[in-house]
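Below is one structure, written out as C-alpha cells; the observations come after it.
In our numbering, the protein residues as written are 5 to 176.
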C-alpha cells in the first residue's frame with residue numbers, strides 16, 4: 005500500500021484501469037478518500053464514474069467529498085443517473101447543492117426528480133432562489149409545486165418570485 009501511495013496518480017490510474025471494476029473500487033477505497041480522489045482526478049471522466057459507481061454509495065460520497073468540486077460535478081455528469089442519486093444521498097446538503105449547481109442543468113434536474121420531494125427541497129434550500137428557479141423551471145409544474153410546498157414559506161416565496169421573473173409559473 006505504501007508503494008502505491010507514493011506512485012504518481014497517472015500510474016495508479018493505469019493499474020486501476022487494468023483491474024476488474026469491483027477490485028479496482030475496493031483498491032481505491034483502501035487508499036482512503038483523499039488519495040482515491042487524487043487518483044480519480046487523473047482518470048478520464050468515464051473511468052472515474054465507473055469506479056465510483058462500483059463503490060458503496062457512502063464510500064463514493066466520501067471520495068467525491070474529497071474531490072475538487074468542478075471535477076466531481078463533471079464525473080457525476082457521466083455517472084449512471086440512479087447511482088448518482090444514491091451517492092448524493094450520502095453527502096452533506098451544502099456539498100450536494102454545490103455539485104448540482106456545477107452539473108449540467110438537465111442532468112441535475114433529473115437527479116432532483118429521482119431523489120424525492122423532501123431531500124430535493126433540502127438540497128435546493130442550500131442554493132440561491134434564482135438557481136433553484138432554474139432547476140424547477142425544467143420540471144413538470146406539479147413536481148415543482150410539490151418541491152416548493154416542502155420548503156419553508158419564506159424560501160418558497162423567494163423561489164416563486166425568481167420563477168415569475170423567468171416567466172415560468174407553477175400550480176400550487
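For each residue, glycine too, the CB sits at the ideal point set by N, CA and C. Quick caveat, the model's predicted, so the values are computed rather than measured.
| request: To the nearest angstrom, report how far apart residue 60 and residue 140 are at their CA atoms. | output: 30 Å
| request: Please state if the CB of residue 13 and the CB of residue 46 are separated by a distance shorter than 8 Å. | output: yes
| task | Leaving aside the five residues before and after residue 19 along the sequence, list all residues of the same chain whose C-beta is less than 7 Å from its C-beta, in chain order. | result | none
| query | How many Å lie between residue 4 and residue 105 at the Cα? | reply | Since the displayed the chain opens at 5 and closes at 176, residue 4 lies outside it and no answer follows.
| field | Inter-residue spacing [alpha-carbon to alpha-carbon] between residue 111 and residue 150 | value | 20 Å
| message | Rounded to the nearest angstrom, what separates residue 119 and residue 51 at their Cα positions? | response | 24 Å
| message | Could you tell me the alpha carbon to alpha carbon distance between residue 28 and residue 55, rounded to whole angstroms? | response | 7 Å
| said: I'd like to check one pair, residue 166 with residue 129: are the Cβ atoms closer than 8 Å? | reply: no
| task | Would you mind working out which of 81, 126, 117 sits nearest residue 95, comparing C-alpha positions? | result | 126
| So, using beta-carbon positions, are residue 100 and residue 92 closer together than 8 Å? | yes
| query | Apart from the five residues on each side of it in sequence, which residues of its chain come closer than 6 Å, Cβ to Cβ, to residue 68? | reply | 76
| Status (buried if at least 16 other CB within 10 Å, exposed otherwise) for residue 133 | buried
| What whole-angstrom Cβ distance do residue 121 and residue 154 have, given they're in contact under 8 Å? | 5 Å
| message | Beta-carbon within less than 7 Å of residue 31's beta-carbon, same chain only, minus the 5 sequence neighbours each way: which residues are those? | response | 20, 23
| query | Among the residues of its own chain, which have a CB less than 7 Å from the CB of residue 131, if the five just before and after it don't count? | reply | 101, 105
| request: State the CB to CB distance for the pair residue 84 and residue 37, rounded to an integer number of angstroms; the pair is presumed to be in contact (CB under 8 Å). | output: 20 Å between Cβ atoms; not a contact.
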